[in-house]
DNA sequence: TTGAAAGCGATACCAC
DNA sequence: GTGGTATCGCTTTCAA
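Protein chains in written order, with my numbering: chain A, 3 to 352; chain B, 3 to 352.
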């Protein structure tokens, strides 16, 4: 038990080590270690004395020492797109889910921004700061994939690159989700259905989920024998106006894959004299908690951010537990449509 | 250079250590260390050989070993309120700012949820996982304050508890901000001004900024010789309706300290036949990037989340740098009103 | 300007 | 069921 020079100022508190605990409990260092890890049987009596000593001294094992000795840091890296982007609530829900799930496995979470790119991954992995990595906002041809493959630590992607290269992936099945949206509208009699997509930039950087959604949408609409109308949409008021103009007036069903555009969209529809759902039906793709408080309760296709985040952690834990290489796995969660009040059969216009 | 048993499966990659680098460069271990840290002069020649060896071997110092030997982890804890709360964009902006600023100082960020409470702080601090802590969403009588005071690591609060107990604090000056909002409306001739506050729960848990804002609002309205009308507001449509009803129809100026309520609020005002700003002027308290895309460009009081987050990191770094105890500091950033289109002189009603 | 070596605090192997 | 101790990879003092 010594006093470290740190920022403790005057009331310099002692640093309690495992040896202090051992001494106080009258046992050896290794016994304390094993009592803590449970990796070998300890008699109830000594277990108790150790516990008492730990409590009395206020002992906390030194994470760095532990990481050095055991080659495990009990930290997960989470790479999140932290720009002031559009889908903030979704990101936040992923992050919350990952941190919460990680804590349940006694893991902490180191937060990295996507901006750091490949270098950030190599830094935290190379330095053995983390035992595994969870990477959000994966692009179709994501430059980070080859880097992740080379790391000593396993990783889980939230998203689905075109070439997963043996990495584990979790995501909503956006292709099936798009189909489900179209089919939901079709089942109410709609045939002229358009997609209000994410902002143009999202497509430009090849974001995986946007492309998969578009693929599913195109397929479903084509299967219906209808024309494919799909437009990216800047979520500003002007952007939405523009998008609606490009889509044209004859459409009766709208699939909105752009949470931020919802408020201006519904506002502009109202101004145009289009009622929802009487004149235009709307299905929004959106996490349950992030449905904006609009006059119409929106029918949505859920983005199960919480489930995906939790599942990503579960997969990471499985990879860490398994002593040998596990075959890579891709889990795409099935779509869930929550019918509310924004979809109804189309009124036949002249 | 050995091979560790980790999760590397078959293509087990070597772990490069500082000794490997030293050997490759033909120098001693300590020289490599000093070349890396710059804590003692190194001749250009050896510096170069070391750099070359590092590059060639792909050496990354082991974070745990470094933390153990130096008693510094180069990690900051950030405690964020990660519930699916209301002010998601603001939180996100804080987090982004903190992570970005931390990286500029070569620090990483460990993300904790507020839910973990005092125990979480003690865990990461006691285990020396972090060198300093930044704590968001501080309450007036925050139970974490006494815990933070006892830690060996310095901390910075984002927010202002009633009793800072010697801790460093950063925040927007919410009291002055409320005054500025009222005075802005008053300078346009408004005398009947009401506050649409945060959700009731925010007040109930004694959130610092909400109370300070209310204090400033009350003071400013009283100074104006007017009645104080201030209502908490659940950001659902029904909640906003209710809030407006409680406030009553005679008010001409609204200060909205509730970002999520803005969309339903403006919608309901429109339905009530109240035009903005002709019939009702509105000042919203809101970060610049989170102004919702409404038909009226809102006049806002900015929440400088980015500045506050950056400043928190700067303060933490100063605390870490300074060899002796630094006197605690509280920095409240001055308000900034951004005039846009939602404030105009009141039309005199009969 | 450089090297040698003593820790840092825990883990886990080997012995009993 | 318990104890001794080498080891993890790096920093930093001391000595040259």
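A virtual CB, placed ideally from N, CA and C, is assigned to each residue, including glycine. Note that the coordinates shown come from a computational prediction; the quantities given were computed from them, not determined experimentally.
Residue 345 of chain A is positioned such that its CB atom lies closer than 9 Å to that of residue 190 of chain A. Its Cα nearest to that of residue 47 of chain B, the residue B/33 stands out among B/33, B/80 and B/115. The segment 93-110 of chain A makes no contact with the segment 48-62 of chain A; the number of CB pairs closer than 8 Å stays below 3. Residue 84 of chain B: not part of any alpha helix (DSSP H); DSSP gives it neither H nor E. For the segment 76-105 of chain B, residues whose beta-carbon sits nearer than 8 Å to a beta-carbon of chain A comprise 77, 80, 84, 85, 86, 90, 91, 93, 94, 95, 97, 98, 101, 102 and 105. Taking 9 Å as the cut-off, the beta carbon of residue 119 of chain B is found no closer than this to the beta carbon of residue 85 of chain B. Under the three-state reduction of DSSP, residue 311 of chain B is assigned to helix. At a cut-off of 9 Å between beta carbons, residue 319 of chain A makes no contact with chain B. Secondary structure at residue 161 of chain B: coil, using DSSP grouped into helix, strand and coil.
Along the segment 56-73 of chain A, going in chain order, the ones with a CB nearer than 7 Å to a CB of chain B are 62, 63, 64, 65, 66, 67, 69, 70 and 73. Taken in chain order, the members of the segment 209-239 of chain B whose beta-carbon sits within less than 8 Å of a beta-carbon on chain A are 237, 238 and 239. Classified as exposed, residue 273 of chain B has fewer than 16 neighbouring CB atoms from the shown chains inside 10 Å of its CB. Contact between the segment 281-298 of chain B and the segment 316-332 of chain B is not established, with fewer than three Cβ pairs separated by less than 8 Å. For residue 316 of chain B, same chain residues with a beta-carbon under 8 Å away, outside a window of 5 residues either side, are 103 in chain order. In summary, the residues of the segment 129-150 of chain B whose CB is separated from some CB of chain A by less than 7 Å are 129, 130 and 131, in the order they occur in the chain.
Per DSSP, reduced to three states, the secondary structure at residue 255 of chain A is strand.
Of the candidates A/181, A/267, A/63 and A/97, A/181 places its Cα closest to the Cα of residue 220 of chain A. In this structure, DSSP gives residue 316 of chain B a helical state, which the three-state scheme calls helix. With the criterion set as a beta carbon lying under 8 Å from some beta carbon of chain B, the members of the segment 267-286 of chain A are 269, in sequence order. Taking 9 Å as the cut-off, the beta carbon of residue 66 of chain A is found closer than this to the beta carbon of residue 70 of chain B. A straight line joining the alpha-carbon of residue 39 of chain B with that of residue 49 of chain B spans about 11 Å. When the five nearest sequence neighbours on each side are left out, the beta carbons in the same chain lying within less than 7 Å of the beta carbon of residue 263 of chain A are those of 198, 235, 237 and 242, in order along the chain. In terms of beta-carbon proximity, residue 345 of chain A stays away from the interface with chain B, with every pair separated by 9 Å or more. Exclusion of the five residues before and after residue 268 of chain A leaves 278, 284, 296, 297 and 298 as the residues of its chain whose Cβ lies within less than 8 Å of its Cβ.
DSSP places residue 335 of chain B outside any alpha helix (DSSP H); the residue lies instead in the beta strand (DSSP E), whose first and last residues are 332-335. Counting along the chain, the unbroken alpha helix (DSSP H) around residue 72 of chain B starts and ends at 65-72. Contact annotation for residue 118 of chain A against chain B: 105 [CB-CB distance below 8 Å, chain order]. Around the CB of residue 63 of chain A, 16 or more other CB atoms lie within 10 Å, so the residue is classed as buried.
Beta-carbon to beta-carbon, residue 163 of chain A and residue 210 of chain A are separated by about 6 Å, close enough to satisfy the 8 Å threshold. Taking 9 Å as the CB threshold, residue 316 of chain A stays off the interface with chain B. Runs of beta strand (DSSP E) with 3 or more residues, each lying fully within the segment 199-244 of chain B, are found at 231-233, listed in chain order. In this structure residue 157 of chain B touches residue 169 of chain B by the C-beta definition: roughly 6 Å separates them, less than 8 Å.
Listed along chain A, the residues sitting closer than 7 Å to residue 294 of chain B by beta-carbon distance are 265. Around the CB of residue 326 of chain A, fewer than 16 other CB atoms lie within 10 Å, so the residue is classed as exposed. The beta carbon of residue 223 of chain A is closer than 7 Å to those of 184, 195 and 230 in its chain, skipping five residues each way along the sequence. With 16 or more other Cβ atoms from the protein chains shown falling within 10 Å of its own Cβ, residue 75 of chain B counts as buried.
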